[in-house]
Structures are given as C-alpha cells and as structure tokens.
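Structure first, then comments.
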Amino acid sequence: MTSAPQVTIRPERPGEAAAIRNVLDAAFGGPAEGDLVDRLRAAGDLVLALVAVENDAVVGYIAWPRLLIETPRDVRNAVALAPLGVAPSHQRSGMGSALTRASLTQLKENGERLAFVVGDPLFYQRFGFSLEAARAFVSDYAGEYFMALTLADDPPEHGLVRYPAPFDGLA
Ligand SMILES: CC(C)(COP(=O)(O)OP(=O)(O)OC[C@H]1O[C@@H](n2cnc3c(N)ncnc32)[C@H](O)[C@@H]1OP(=O)(O)O)[C@@H](O)C(=O)NCCC(=O)NCCS
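Okay, structure coming up:
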C-alpha cells in the first residue's frame, strides 16, 4: 500500500537555489523568472521566499520582493508576489494556493501592510487580491493584471509603486 506524498511548505534554505531554478524554468517554460529570483536573492531584495517540498524535492516556490510606495510626504513599505511557480507535474493539486496562503499568513505576522501581484485575476482574487484596490497606485504594471491586497490596518492608500532594481526593464 502507498500513502499520499507529504508536502511541506517552509522557508527557502541556503543551497536550494538550483532546485528552485529548475522548478521555475519548468513552470514558466523559460529562464526569465528564475533569472529574476537569482537577481533578487543576490541583491537581498526578498522579504519572504517559501518552497513546497515533497520527498525532499522542491516542487513549488513563491517569492516576495520588497516594494516601496512613494508619495510627496513619505516612503512606505509593501511587498510583491513575484514569482509563484509549481512544477508542471504538480500543478492543479492545490500547491500554488497553499504557498500563497502560507505566505500571506506569515507576511501579516511580520507586520506587512500591503501586497501587490501582477497576474491572472481569476487565480489571485481567491486570496483577496483586487484590481480595484490597486487603482489608486501608480506603476509601470498598472492595468488589467495589477492587483493589491491589504494585509493590515493603515496600509498605504496611494502612491508610486517602486519595484527593486532587478525588475528594471521587465514591465
Ligand atoms: C499558476 C500556478 C502557480 C497555480 O498553482 P497550482 O498549484 O497549479 O494551482 P492550485 O492547484 O493551487 O489552484 C488551482 C486553481 O487555480 C486555477 N488555476 C491554476 N492556474 C491558473 C492560471 N494560470 N490562471 C487561472 N487559474 C488558474 C485552477 O483552475 C484551479 O481552480 P479551482 O480550484 O477552482 O479548480 C501554477 O499552475 C504554475 O506554476 N503555472 C505556471 C507558472 C505561472 O503561470 N505562474 C503564475 C504567474 S506568477
């Protein structure tokens, strides 16, 4: 008799960059997202990065880079979900959702106030991300895929969303 494989979600550990890279390259069918993660990690721009692990193999990954929200009065912190990838062999079994939900719980505990994502509203709205919540923000990504989610009281309500340098030229 075989039992269902156990999936663990936990923070990325040192030494897992190559395994994460493989998952992202396979999930996205190319190197762009893996390259982005390598640059974000090297620059220290990641607030949170979680892996989904099954039988000691990384099969899913989610990264949360730091964003800055600038207004004429101040600069405040936010986070971006970018990217989320699940190995093709493991897609549509709840892993992407589990990685997202675990992250949001952790980010709230850490005191983060606002999150953005650029993605398919059909997928991300189930976690509370909304197009409407992003409309007051200025960004190169603004449009039909740019969503926001409030994580705490007193979030930034408008401003210019600054992505870290590894995103330069990607929007
Ligand atoms: C998108 C992705 C992260 C979702 O993870 P997953 O583990 O496959 O998804 P889950 O099993 O948690 O959720 C599946 C649900 O999301 C929906 N879904 C999955 N991928 C979707 C997509 N690209 N667009 C819209 N809906 C999607 C499914 O229809 C399913 O809906 P249901 O629960 O109502 O049946 C994963 O499929 C993936 O890595 N895709 C390739 C890379 C990518 O597009 N990443 C997202 C952009 S950052």
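Residue numbers (the working numbering): 21 to 191.
Don't be surprised by glycine CBs; every beta carbon is placed ideally from N, CA and C.
From a predicted model like this one, the values you see are computed outputs, not experimental measurements.
Please indicate yes or no: does the CB of residue i lie closer than 6 Å to some heavy atom of ligand 1?
i	result
S117	yes
L151	no
R112	yes
L190	no
E169	Before going further, note that residue 169 is Leu rather than Glu in the sequence given. Outside the cutoff, so no.
G179	no
A62	no
V43	no
F187	no
Across which residues does DSSP place residue i in a beta bridge pair?
i	result
T28	V73
V181	I89
R96	I89
M115	Partner(s): none; M115 has no beta bridge.
S150	A168
F157	G179
V106	G80
L68	W84
Within 10 angstroms of its Cβ, does residue i collect 16 or more other Cβ (buried), or is it exposed?
i	result
T91	exposed
P159	According to the sequence provided, residue 159 is Ser. The question's Pro does not apply to it. Under this definition S159 is a buried residue.
V79	buried
A185	exposed
L142	exposed
E132	buried
Can you look up residue i in the DSSP assignment and give me helix, strand or coil?
i	result
A83	strand
A135	strand
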